[in-house]
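Since the structure comes first, as structure tokens, the remarks are kept for the end.
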Amino acid sequence: MPIAVLVLLIVLAVAGGLYLGYTAGQQRPLPSSPQRKGLGERARDTATKGVLGLWRWNRARKKKAREQARDRD
């Protein structure tokens with residue numbers, strides 16, 4: 418079996434499992450659980466957190482480099 422077909426099957430299996438799990442959770446929510454976020458909203462939140470984390474890391478890295486350059490002078 419070619420690698421491309423194997424990778425495609427794995428991706429489809431994972432996507433199908435995520436979809437089935439999501440729909441099963443939507444069909445029978447617990448009475449005390451809050452309203453669930455939609456798939457798009459969760460994806461947007463994840464992307465936003467990732468971008469903010471990268472921005473904060475880069476800002477801290479540049480600040481540290483500036484401080485080290487200042488100490489060398």
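With the numbering used here applied, the sequence shown corresponds to residues 418 to 490, in that order. Ideal Cβ placement from N, Cα and C applies to all residues, glycine included.
- Assignment of Gly438 by DSSP, reduced to helix, strand and coil, places it in the helix class.
- Under the DSSP assignment, Gln485 falls in the alpha helix (DSSP H) whose first and last residues are 456-489.
- Between the C-alpha atoms of Leu426 and Glu458 there is a straight-line separation of about 27 Å.
- In the structure shown, Gln452 adopts coil according to DSSP, grouped into three states.
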